[in-house]
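Under our numbering, the residues of the sequence shown are numbered 207 to 866, in order. Using N, Cα and C, we set each Cβ at its ideal position, and we do this for glycine too.
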Amino acid sequence: MEFTREIYWNIGHGPATVVPMYLLAAAAFAVLAYGFLRRLKTYRLGKPMHRTDRPLARFGGMLRTMLLQTRVLRVKGPGVAHAVFFWGFFLLFLGTGLIVVQADFTDLFFDYVFLKGTFYKIFSITLDLAGLAAILMLLGLLVRRWVVRPPGLETRMDDFVMHGLLLAILLTGFVIEGARMAVTELGTPLALWSPVGLAIGRSLAGTSPELLLAMHKGLWWFHLVLALLFIGLMPFTKFRHILTTSAGTFLADRGPVGKLTTIDLENEEAESFGAAKVTDLTWKDIFDADACTLCKRCQDRCPAHATDKPLSPMQVVQRIGELAAETPQTDLIDAVGRDAIWSCTTCRACQDICPAGVEHVGKIVEMRRNLVLMEGEFPGEEVMTAMEQLEVNGNPLGMGYASRGEWAEGLGVKSLAEDAEIDILYFVGCYASFDKRNIAVARSFITLCRAAGIKVGILGKEEKCCGEPARKMGNEYLYQSLATENIATLQGHGIKKIVTTCPHCFNTLNKDYRDLGLDCRVQSHPEFLAGLVAEGRLAVDGEPFVCTYHDSCYLGRHNGMYDAPRELIAAAGGKLVEMTKNRDQAFCCSAGGGRILAEEKLGTRINIKRVEMAAATGTGQLLANCPFCLTMFEDGVKGANIEESMKPRDIAELLAERLQ
Numbered sequence: 207m208e209f210t211r212e213i214y215w216n217i218g219h220g221p222a223t224v225v226p227m228y229l230l231a232a233a234a235f236a237v238l239a240y241g242f243l244r245r246l247k248t249y250r251l252g253k254p255m256h257r258t259d260r261p262l263a264r265f266g267g268m269l270r271t272m273l274l275q276t277r278v279l280r281v282k283g284p285g286v287a288h289a290v291f292f293w294g295f296f297l298l299f300l301g302t303g304l305i306v307v308q309a310d311f312t313d314l315f316f317d318y319v320f321l322k323g324t325f326y327k328i329f330s331i332t333l334d335l336a337g338l339a340a341i342l343m344l345l346g347l348l349v350r351r352w353v354v355r356p357p358g359l360e361t362r363m364d365d366f367v368m369h370g371l372l373l374a375i376l377l378t379g380f381v382i383e384g385a386r387m388a389v390t391e392l393g394t395p396l397a398l399w400s401p402v403g404l405a406i407g408r409s410l411a412g413t414s415p416e417l418l419l420a421m422h423k424g425l426w427w428f429h430l431v432l433a434l435l436f437i438g439l440m441p442f443t444k445f446r447h448i449l450t451t452s453a454g455t456f457l458a459d460r461g462p463v464g465k466l467t468t469i470d471l472e473n474e475e476a477e478s479f480g481a482a483k484v485t486d487l488t489w490k491d492i493f494d495a496d497a498c499t500l501c502k503r504c505q506d507r508c509p510a511h512a513t514d515k516p517l518s519p520m521q522v523v524q525r526i527g528e529l530a531a532e533t534p535q536t537d538l539i540d541a542v543g544r545d546a547i548w549s550c551t552t553c554r555a556c557q558d559i560c561p562a563g564v565e566h567v568g569k570i571v572e573m574r575r576n577l578v579l580m581e582g583e584f585p586g587e588e589v590m591t592a593m594e595q596l597e598v599n600g601n602p603l604g605m606g607y608a609s610r611g612e613w614a615e616g617l618g619v620k621s622l623a624e625d626a627e628i629d630i631l632y633f634v635g636c637y638a639s640f641d642k643r644n645i646a647v648a649r650s651f652i653t654l655c656r657a658a659g660i661k662v663g664i665l666g667k668e669e670k671c672c673g674e675p676a677r678k679m680g681n682e683y684l685y686q687s688l689a690t691e692n693i694a695t696l697q698g699h700g701i702k703k704i705v706t707t708c709p710h711c712f713n714t715l716n717k718d719y720r721d722l723g724l725d726c727r728v729q730s731h732p733e734f735l736a737g738l739v740a741e742g743r744l745a746v747d748g749e750p751f752v753c754t755y756h757d758s759c760y761l762g763r764h765n766g767m768y769d770a771p772r773e774l775i776a777a778a779g780g781k782l783v784e785m786t787k788n789r790d791q792a793f794c795c796s797a798g799g800g801r802i803l804a805e806e807k808l809g810t811r812i813n814i815k816r817v818e819m820a821a822a823t824g825t826g827q828l829l830a831n832c833p834f835c836l837t838m839f840e841d842g843v844k845g846a847n848i849e850e851s852m853k854p855r856d857i858a859e860l861l862a863e864r865l866q
């Protein structure tokens, strides 16, 4: 016998079925289109932004992310359940599409049937198992949402409606199959290829054929209406993310990770800078609210939220969406809240984990820009003082600019004004130039370079702060002023290669300065030193020791550099005991986003929480790669009363003391 089945069994394939079916489908898709056109009108409130370059690469990335669920699977548990549900439902969607193609196209016009034989058997069992997996995963997710109720997971009316529709669609599909099989397939070899339908069919075996036929037909139409109702409701509920999340992946920023937009401060047509209203943001910023799935992953990863500060990246995005849809002229900053805006450390933990590609950090920085550039507002007097010092002395610490190179006394390092013949320029940064604790790191780095035969030069008093803390605080004018001076100095000396021991300097010079004309190679010190070790130019003692290591946000999530520091630790003989939050999940030290300049007045202290994670490893040694992190950890171990048992150090210090 031929393994196949009659597609419109008991329903009929005449005009009485096809016409109302396609009219209902047309109505559902018309409502879908209307809903998204309304959303599109809302997006257009934002400023223009070009996000459609390299369309083939974008489309490929979108398909890969969607079909493989790569970003969803980064969170175990609910991520796995969601991915399996997606794959199950997606297979059912494809299967339904194949049925429609055969019934209403190939069979109707060409008398060609492809759902038969071995292909049909595989098709049948695949859809059966896909439907079962989708139901089980959906039930698990419903239990999580309605019974377990994780803190911060919002449940709205549309969750109830749309989850109910999904479950009803899946269940009615199986009951329809079971009713058909109870009449046509029980006891046949084909029935074995639909195990779930077979089980339901057997449970209905005692029902009269007349009742089964009536139940089958009624449920068939009910199932169709449910599916089309779900489609029509999508743009009016958060389930619009089924389409907008994929679109968000297509529209993702494909430039350098974490790079901020550079404001044209000389634009005479600009009425204001930064974002005071949602209309000051881009259309992508508004679109992100629709792409957001309210999964709260960003909130769960946010160090500010984890330490009881009034910042939820998820709520920032949602407030933007609500204002855009309802009252776009409302003050955005008041709606989001100043304390929330200033609490961000720009660590990118939120963006890194977001399955929808939502860009949180740029929105917050735009609001800061408005507060600083238009209102002259900072989160505290100490920040305003630091900004004044940046203007006067080129550093936020209040130290005279002329003393910037004094840290290098006795090391044989000269400024470029004294000797321009160098292998690399060491861009020192403010903390390694003036802060006693971090000067030790700078001196260790020079020691390592000399041991490797690298001739290093510095700018000395010609170097100014890279401007990163000012920029992340929203002071774009001061940042561009500092950056322009530094770039002119670097270009004047013809610099080709820069190494820095500060990830904030590295990120700023390597990405942000490009917009202002810098064109030279920039490396972080872990990457540079790892290269020297690999080349055999730097030999370190491999005597065993135990430590833990902190992935700084600006070397890690902002630049994806996780292996080089670990390679250096291993080369020095280190046995690394990872903290529970490491690599791309690393917990911020609290100093990013310009917060190094501000007192932490709200909630508990982020740096103490991080050093407690380090202490839990039981190693006694916390290695870092960033002067901001090191500063925060030195303060944190004191605040946590563990300064005797936990010693923060930079990787350069470790290597310098283990030189062979």
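Under 8 Å Cβ to Cβ from residue 251, same chain only, skipping five residues before and after it: list those, please. Position 45 of the sequence shown, counted from the start, is the residue given in the question as residue 251. Closer than 8 Å at Cβ, skipping near neighbours: 484, 485, 489, 492, 530 and 534.
Jot down the residue ranges of each uninterrupted alpha helix (DSSP H) in the region 562–599, minimum 4 residues, whole runs only, in chain order. Runs found: 566–575 and 587–599.
So what does residue 780 bridge to, in DSSP terms? The residue labelled residue 780 in the question sits at position 574 within the sequence shown. In the DSSP output, where bridge partners are listed per residue, residue 780 has 751.
For the alpha helix (DSSP H) that contains residue 525, what are its first and last residues? Along the sequence shown, read from residue 1 onward, the residue named residue 525 stands at position 319. Note, residue 525: alpha helix (DSSP H), 519–532.
Taking Cβ positions, are residue 637 and residue 833 nearer each other than 7 Å? Your numbering for residue 637 matches position 431 in the sequence shown. Your numbering for residue 833 matches position 627 in the sequence shown. Closer than 7 Å, so yes.
Does the contact criterion of 3 or more C-beta pairs under 8 Å hold for the region 715–723 versus the region 836–850? no
Nearest neighbour of residue 292, chosen from 237, 350 and 445 [CA to CA]: Counting from 1 along the sequence shown, the entry for residue 292 is found at position 86. Nearest C-alpha to residue 292: 445.
Just how far apart, CA to CA, sit residue 556 and residue 740? In the sequence shown, counting from the first residue as 1, residue 556 sits at position 350. In the sequence shown, counting from the first residue as 1, residue 740 sits at position 534. Approximately 34 Å between the Cα atoms of the pair.
Under 7 Å, do residue 272 and residue 452 count as touching if we go by C-beta distance? If you number the sequence shown from 1, residue 272 lands on position 66. If you number the sequence shown from 1, residue 452 lands on position 246. Going by C-beta atoms, residue 272 is nearer than 7 Å to residue 452.
Whose C-alpha, out of 289, 480, 551 and 494, is nearest the C-alpha of residue 512? As a position in the sequence shown, residue 512 is number 306, starting the count at 1. For residue 512, the nearest C-alpha among the options comes from 551.
Here's the rule: buried if 16 or more other CB atoms are within 10 angstroms of the residue's CB, otherwise exposed. What is residue 330? Locating residue 330 in the sequence shown gives position 124, where the first residue counts as 1. Result: buried.
What ranges does the alpha helix (DSSP H) occupy inside the region 693–738, keeping only unbroken runs of at least 4 residues that lie completely in it? DSSP runs (the alpha helix (DSSP H)) wholly in the region 693–738: 709–716.
Residues in its own chain within less than 6 Å of residue 795 by CB, not counting five upstream and five downstream? Taking the first residue of the sequence shown as 1, we reach residue 795 at position 589. Correct list, in chain order: 813, 816, 835 and 838.
So, at 6 Å on beta carbons, what are the nonlocal neighbours of residue 407 in its own chain, with the 5 sequence-adjacent residues on each side left out? For the purposes of this step, residue 407 is taken as residue 201 along the sequence shown, with counting starting at 1. Closer than 6 Å at Cβ, skipping near neighbours: 384, 387, 388 and 392.
Just to confirm my understanding: we take residue 785, look at its own chain, exclude 5 residues before and 5 after, and list those with CB closer than 7 Å. What are they? In the sequence shown, residue 785 corresponds to position 579, counting from 1. So the qualifying residues of the chain are 754, 819, 820 and 823.
Can we say the region 282–296 touches the region 344–361, given the rule of at least three CB pairs closer than 8 Å? yes
If you draw a straight line from the C-alpha of residue 470 to the C-alpha of residue 380, how long is it? If you number the sequence shown from 1, residue 470 lands on position 264. If you number the sequence shown from 1, residue 380 lands on position 174. Distance between the alpha carbons of residue 470 and residue 380 is about 60 Å.
Taking the alpha-carbon positions, what's the residue 227 to residue 235 distance? Taking the first residue of the sequence shown as position 1, residue 227 is located at position 21. Taking the first residue of the sequence shown as position 1, residue 235 is located at position 29. Cα to Cα, the separation comes out at about 12 Å.
Is the region 300–318 close to the region 259–266, with three or more CB pairs under 8 Å? Because the criterion of three Cβ pairs below 8 Å is not met, the region 300–318 and the region 259–266 do not touch.
Are residue 736 and residue 774 touching if we call contact CB-CB under 7 Å? The count along the sequence shown starts at 1 and reaches residue 736 at position 530. The count along the sequence shown starts at 1 and reaches residue 774 at position 568. Cβ atoms of residue 736 and residue 774: closer than 7 Å.
Residues of its chain near residue 238, where Cβ-Cβ distance is below 8 Å and the 5 sequence neighbours each way are ignored: In the sequence shown, residue 238 corresponds to position 32, counting from 1. Answer for residue 238: 437, 438, 440 and 441, listed in chain order.
What separation, rounded to the nearest whole angstrom, lies between the Cα atoms of residue 430 and residue 217? Taking the sequence shown and counting its residues from 1, one reaches residue 430 at position 224. Taking the sequence shown and counting its residues from 1, one reaches residue 217 at position 11. Their backbone Cα atoms lie some 12 Å apart in a straight line.
Ordered along the chain, which non-local residues of its own chain (more than five positions away) have a Cβ less than 7 Å from that of residue 854? Locating residue 854 in the sequence shown gives position 648, counting from the first residue. Excluding positions up to five away in sequence, the list reads 828, 830, 836, 839, 840 and 843.
Helix, strand or coil, according to DSSP, for residue 856 in the structure here? Within the sequence shown, the letter at position 650 stands for residue 856. Collapsing the DSSP output to three states places residue 856 in a strand.
Alpha-carbon to alpha-carbon, residue 230 and residue 224: Reading the sequence shown from its first residue, position 18 is the one you call residue 224. Reading the sequence shown from its first residue, position 24 is the one you call residue 230. So the alpha carbons of these two residues sit roughly 10 Å apart.
7 Å Cβ cutoff met for residue 639 and residue 613: By one-based count along the sequence shown, residue 639 stands at place 433. By one-based count along the sequence shown, residue 613 stands at place 407. Yes.
Return the CA-CA distance between residue 808 and residue 426, expressed in angstroms with no decimal places. In the sequence shown, the residue the question calls residue 808 occupies position 602. In the sequence shown, the residue the question calls residue 426 occupies position 220. Cα to Cα, the separation comes out at about 57 Å.
Starting from residue 228, trace the alpha helix (DSSP H) both ways and give me its first and last residue. Reading the sequence shown from its first residue, position 22 is the one you call residue 228. That run of the alpha helix (DSSP H) goes 221–249.
Tell me whether residue 493 counts as near the ligand COA, meaning its Cβ is closer than 6 Å to at least one heavy atom of that ligand. In the structure on display, the ligand COA does not appear, and there are no ligands present to speak of.
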